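For reference, the structure is listed below as structure tokens.
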Amino acid sequence: MIIVSGLSGAGKTVALHTLEDLGYYCIDNLPGSLLPSLYHEQLKINMPVAVGIDIRSQIGDIDKLIKTIDELKCLEKEPQILFLTANHAVLVKRFSESRRKHPLTSHESTLPESIAKEQTILSPLLDIADYTIDTSYLSVYDLKDRIASWLDMGRQSATNTTIESFGFKHGIPIDADLIFDVRFLPNPHWESDLRPLTGQDKAVRDFLEQSDSVNDYIKDTVDYLTKWLPAFINGHRSYLTIAIGCTGGKHRSVYSAEKIAECLQQTFGHINVRHRDMPTRQGE
């Protein structure tokens, strides 16, 4: 069983549709009190089930919901919690563009106030989530791919390790477990011929690899992760996200993420690489 929850406007409906496409029987907006009955029925029919938990059915009952989930997690086949979130500005923009009413909006509250209230109410659920996805910068297709990847790795009972580049000016990834700052490295942005390129381009790689500080930092980071990744893996973590940030998420962090992943894969096997803020060719 997968319990899908999160902030309104963060993509819960897309997540449930994705799970339905992957063979899950999906139920949306189920009261938390019915979770135990559904859990035991699901075991009888041996069918994967995904349940959407909506804020409207949990106001005032979030503590009861957490207690119910904790009890289910003590059973042999514990449910997994997928929590979807997005930053405040993105949620405001999504509701404004869709012209839909936030479920907590009233005559006394504004949209930003309703979003903040929902964040507070659902924070205990976020704290116990097995997997959190920040959809602020994801397309619908990106979100579907992220969920599919999560489920594939879960079936393999392995730690799903991801190295993600990002730009600090766009905010730190909410699902980051480890954060490395490469803003002190030489910046290709100040080279006019390199500025339009990204850390995936050979000219940018050559520029960075000419710097001893870049090479030393990559080596030291790989050595650190090689030493400590086994501790994370042996700690039975299902997911580990290593975030590497520069100013804009276009040059230094992209290069560093790919180089570090390339080195670590020699020891740990496949590692996912994502570039959250790297512009597409069309966007340049």
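Under this note's numbering, think of the first position of the sequence shown as 39, with each following residue one higher. Ideal placement from N, C-alpha and C gives every residue a C-beta, glycine not left out. Remember, predicted model here, so these are calculated numbers, not experimental data.
Q: Go to Cys-112, then tell me how far its beta strand (DSSP E) extends in each direction, as first and last residue.
A: Here Cys-112 belongs to no beta strand (DSSP E), and DSSP marks it neither H nor E.
Q) Name the DSSP bridge partner or partners of Phe-121? A) Note: Phe-121 sits in a beta bridge opposite Ser-43 and Thr-170.
(Q) What residue range does the beta strand (DSSP E) around Phe-245 cover? (A) For Phe-245, no beta strand (DSSP E) run applies; the uninterrupted alpha helix (DSSP H) run containing it begins and ends at 240–247, by DSSP.
(Q) Determine, for Ile-153, whether the minimum Cβ-Cβ distance to residues of chain D falls below 8 Å. (A) Among the chains of the structure shown, chain D does not appear; only one protein chain is present.
(Q) Between the alpha carbons of Gln-80 and Leu-267, how many angstroms are there, rounded? (A) In this structure, the CA atom of Gln-80 is about 36 Å from the CA atom of Leu-267.
Q: Check each candidate in Ile-280, Ala-241, His-208 and Glu-247 and name the one with the smallest Cα separation from Ala-214.
A: Ala-214 has its Cα closest to that of Ile-280, out of Ile-280, Ala-241, His-208 and Glu-247.
Q: Mind checking which residues open and close the alpha helix (DSSP H) that includes Ile-309?
A: Per DSSP, Ile-309 belongs to no alpha helix (DSSP H) and is neither H nor E.
Q) What residue does the alpha helix (DSSP H) around Glu-202 start on, and which one ends it? A) Membership of Glu-202 in any alpha helix (DSSP H) is not indicated; the residue belongs instead to the beta strand (DSSP E) covering 198–205.
Q) Of the residues Pro-224, Lys-240, Gly-209 and Ile-166, which one's Cα is nearest the Cα of Thr-106? A) For Thr-106, the closest of Pro-224, Lys-240, Gly-209 and Ile-166 by C-alpha to C-alpha distance is Ile-166.
Q | Straight-line Cα distance separating Lys-50 from Ala-88 | A | C-alpha separation (whole angstroms): 11 Å.
Q | Distance, Ile-104 Cα to Arg-314 Cα | A | The alpha-carbon of Arg-314 is positioned some 32 Å away from that of Ile-104.
Q: Please classify Val-260: does DSSP put it in a helix, a strand, or coil?
A: Val-260 falls in the helix class under three-state DSSP.
Q: Starting from Ile-159, trace the alpha helix (DSSP H) both ways and give me its first and last residue.
A: Start and end: 149–165.
Q) Met-85: which of Asp-108, Leu-57 and Pro-69 sits nearest, CA to CA? A) Just measuring C-alpha positions, the residue of Asp-108, Leu-57 and Pro-69 sitting nearest Met-85 is Leu-57.
**Q.** 8 Å CB neighbourhood of His-227 in its chain, flanking five on each side removed
**A.** Within the same chain, His-227 has close Cβ partners Arg-233, Thr-285, Gly-286, Lys-288 and His-289.
Q. Going by other Cβ atoms of all chains shown within 10 Å of its Cβ, with 16 needed for buried, is His-140 buried or exposed?
A. Buried is the call here.
**Q.** Cα-Cα separation between Tyr-293 and Gln-238, rounded to whole angstroms
**A.** Each residue's alpha carbon lies about 6 Å from the other.
Q | Exposure of Arg-193, with buried meaning 16 or more beta-carbon neighbours within 10 Å | A | In this prediction, Arg-193 has a pLDDT of 47, which is less than 50 and means its spatial position is unreliable; what the coordinates show is noted afterwards. Within 10 angstroms of the beta-carbon of Arg-193 lie fewer than 16 other beta-carbons, which makes it exposed.
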